[in-house]
Amino acid sequence: MTTTPPLPRTWRGWAPDLVLGLVVVLVGTVEVLRLPWRVDGDLGPLALVVAATGLSTGLARRLPGAALALVWLTCLAQGTLGIPVLLVQAAVVVVAFGTARWGSRVTVVAGLASMPLAGFVFLTLAELGQLDSVLHRGQRGGEIISVLHDQLGGSWPVVLLGLFVSLLLAPWLVGVSLRLAERARASRVSQVAAEEDAERAHRETQQVQEIARLQEEQARMARDVHDVVGHSLAVILAQAESAQFLTGEERLKETLATIATSARSSLQDVRHVLSGPQAPTAAAAGSVGDADALVAGVRGSGFTVEHHEVGRPRPLPPELATVAHRVLQEMLTNAMRHGRRDTPVRVERHWPDGAGEQELRIEVRNVVAETADEQTVPLGAATGDPGDGSGRGVEGMRRRLEAVGGRLDVRRRQEAEGPTYTATAWVPVRAGSTT
């Protein structure tokens, strides 16, 4: 049984309790003034009993523990000093209700335990003849007891005790019932609030996941468009630059036709990229013929390409084939963009031999025009994409490979023929892809 939260203590909140206490005091005052023997007795103790009863009733809601203690102090004083019991003291039922409805755990238990004890006190007062206020026209308590004895025999104390305890137990049970009902209602409210919070958190999580998915999709499309357009423009630019040195109408027409073919192929690739990951070319990308087409395009731009295929080629799953294709495409684009035309671009695709090796190694090496001191450093965020401030080239390849469990290494070396860049990518080959 949980403790009821404290009520707000404001003057307006105390108003009902104050009114109830004043009503009890007024009723008790009228009862004392109407006692037939009031002229012969001292009304001071009775007034104190009335005041204490009204105060305990007023405290029953806000301070039920204090109200219960005050009731017991009043009863003890009446028993000790021989002060008669008044009818107005029946307002103790309000205190019994308050202890069960708003009291702490200790107060609830104390209220329940007080009932049989209060019954015995009431019975003792009755035997002492101190029930003057419940008598009619000045009859004494002894006469009431004589009537009860004649009607009920020797069991009259038990009957009287049971009646008194029942009168106190009924409001206590009502208070406990309302307390439990409020607890159940609060539990339902808390459960509904928790379910709403969980549902809201689930919706927010879905929204965050959807935003992350869209951002990742946008980043993927940006990388694809960068690779496709960058490679095609590099090929077109190289062919256009070489066209100005051509002689003969046929050769010029051939070069222009190659440029048109490259542009058309680039436009088609961009359309496939924008159509989503289920584009028809995604499954074919990375095939042996596709790699040969990339190499042929570079050769048609005036570069010498040494292409070596080591091992037996095998088809790759669509997502791995796309990664292999885009990585090789970007490597060749960088070689064309930053490499020297008078030195060959070396391309090697090393397929796994099936004896434990499960990665396709793609390597592109080219000599660059710049001169530099001999060094061997991996290109990362510090060095960036050689000659490209966008950072999409190397970083885009690295992200593609890491997404499928691969890796990338880009190194610059000073060799006899000049400074070289060597880009090496490892693409995992999944089990079961071997034909």
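At the far end of the sequence shown sits residue 1386, using the working numbering, and the numbering has no gaps.
Built from N, CA and C at the ideal position, the CB exists for glycine as well.
Bounding residues of the beta strand (DSSP E) (the contiguous stretch that carries residue i)
{"i": "A1376", "result": "1369-1379"}
{"i": "L1038", "result": "Careful: L1038 lies outside any beta strand (DSSP E) and carries neither H nor E."}
{"i": "Q1365", "result": "1358-1366"}
{"i": "V1261", "result": "1256-1261"}
Nearest neighbour of residue i, chosen from the options [CA to CA]
{"i": "L1359", "options": "M1282, Q1309, M1287", "result": "M1282"}
{"i": "A1189", "options": "L971, A1214, R1171", "result": "A1214"}
{"i": "W1123", "options": "F1048, G1054, R1288", "result": "F1048"}
{"i": "R1288", "options": "A1170, V1318, P967, Q1219", "result": "V1318"}
{"i": "L1352", "options": "A1242, R1171, T1284", "result": "R1171"}
{"i": "T1206", "options": "V1221, R1364, I1187, L1218", "result": "I1187"}
{"i": "S1252", "options": "R1292, R1222, Q1280", "result": "R1292"}
{"i": "P1067", "options": "V1116, V1261, L1027, R985", "result": "V1116"}
{"i": "D1178", "options": "V1159, K1204, H1223", "result": "H1223"}
{"i": "V1221", "options": "V1176, A1275, D968", "result": "V1176"}
{"i": "Q1280", "options": "G1347, E1200, A1003, L977", "result": "G1347"}
{"i": "P1268", "options": "V1159, V1380, P967, R1350", "result": "V1380"}
{"i": "N1285", "options": "R1364, V1249, L999", "result": "V1249"}
{"i": "A1003", "options": "V1043, H1153, A1244", "result": "V1043"}
Other residues of its chain near residue i: CB distance less than 6 Å, five sequence neighbours each side excluded
{"i": "T1373", "result": "R1316, R1362"}
{"i": "D1314", "result": "This sequence places Glu at residue 1314; Asp is not what is there. Same-chain partners within the cutoff: E1299, T1375."}
{"i": "G1369", "result": "V1318"}
Spatial distance of residue i from residue j (CA atoms)
{"i": "S1128", "j": "V1046", "result": "16 Å"}
{"i": "T1232", "j": "V1143", "result": "With a pLDDT of only 44 at T1232, under 50, the local geometry of the prediction cannot be trusted, and the value read off the model is given with reservation. Near 51 Å, if we compare the C-alpha coordinates of V1143 and T1232."}
{"i": "V1345", "j": "S1183", "result": "17 Å"}
{"i": "G1356", "j": "V1378", "result": "7 Å"}
{"i": "L1010", "j": "E1147", "result": "39 Å"}
{"i": "V1001", "j": "A1041", "result": "11 Å"}
{"i": "E1155", "j": "E1168", "result": "20 Å"}
{"i": "A1367", "j": "A1354", "result": "36 Å"}
{"i": "S1226", "j": "Q1157", "result": "24 Å"}
{"i": "V1296", "j": "E1260", "result": "14 Å"}
{"i": "W965", "j": "G1113", "result": "34 Å"}
{"i": "A1135", "j": "S1141", "result": "10 Å"}
{"i": "Q1309", "j": "Q1219", "result": "32 Å"}
{"i": "G1290", "j": "A1191", "result": "17 Å"}
{"i": "T1273", "j": "F1254", "result": "25 Å"}
{"i": "L1037", "j": "L1027", "result": "14 Å"}
{"i": "G1033", "j": "A1137", "result": "47 Å"}
{"i": "V1159", "j": "A1121", "result": "56 Å"}
{"i": "G1201", "j": "A1208", "result": "Checking the sequence shown, residue 1201 turns out to be Glu, not Gly. Whole-angstrom Cα-Cα distance: 10 Å."}
{"i": "A1020", "j": "R1151", "result": "48 Å"}
{"i": "V1022", "j": "L969", "result": "17 Å"}
{"i": "L994", "j": "E1133", "result": "43 Å"}
{"i": "I1210", "j": "A1244", "result": "14 Å"}
{"i": "V975", "j": "R1130", "result": "25 Å"}
Collapsed DSSP secondary structure at residue i in the structure displayed
{"i": "L1311", "result": "strand"}
{"i": "R1316", "result": "strand"}
{"i": "G1290", "result": "strand"}
{"i": "D1241", "result": "helix"}
{"i": "S1065", "result": "helix"}
{"i": "P1015", "result": "helix"}
{"i": "G1033", "result": "coil"}
{"i": "D1304", "result": "coil"}
{"i": "G1070", "result": "helix"}
{"i": "P1122", "result": "helix"}
{"i": "S1183", "result": "helix"}
{"i": "G964", "result": "helix"}
{"i": "P1269", "result": "helix"}
{"i": "G972", "result": "helix"}
{"i": "G1253", "result": "coil"}
{"i": "G1217", "result": "With the sequence shown as reference, residue 1217 is identified as Ser, and Gly is not the correct amino acid for it. Three-state DSSP puts S1217 in a helix."}
{"i": "S1141", "result": "helix"}
{"i": "S1117", "result": "helix"}
{"i": "R1349", "result": "helix"}
{"i": "S1226", "result": "coil"}
Residue i CB to nearest heavy atom of the ligand NAP below 7 Å
{"i": "W1023", "result": "Annotation note on the ligand NAP: not contained in the displayed structure, which lists no ligands."}
Endpoints, the alpha helix (DSSP H) within which residue i is located
{"i": "R1300", "result": "Where R1300 is concerned, there is no enclosing alpha helix (DSSP H), although the beta strand (DSSP E) it sits in stretches over 1296-1301."}
{"i": "G1049", "result": "1043-1053"}
{"i": "V1355", "result": "No alpha helix (DSSP H) holds V1355; DSSP gives it neither H nor E."}
{"i": "G995", "result": "995-1010"}
8 Å CB neighbourhood of residue i in its chain, flanking five on each side removed
{"i": "G1016", "result": "T1050, G1054, S1055, V1057, T1058, A1061"}
{"i": "V1180", "result": "S1217, V1221"}
{"i": "V1278", "result": "I1313, M1348, R1351, L1352, L1359, A1376, V1378"}
Same chain, Cβ closer than 7 Å to residue i, neighbours up to 5 away in sequence not counted
{"i": "V1246", "result": "V1256, H1258, V1298"}
{"i": "D1024", "result": "A quick correction: the sequence has Leu, not Asp, at residue 1024. No residues qualify anywhere along the chain."}
{"i": "R1349", "result": "L1359"}
{"i": "G979", "result": "V1001, T1004, G1005, L1037, V1039"}
Cutoff 8 Å: residue i Cβ touching any chain D Cβ
{"i": "H1301", "result": "Given the protein chain composition of this structure (a single chain), no chain D is represented."}
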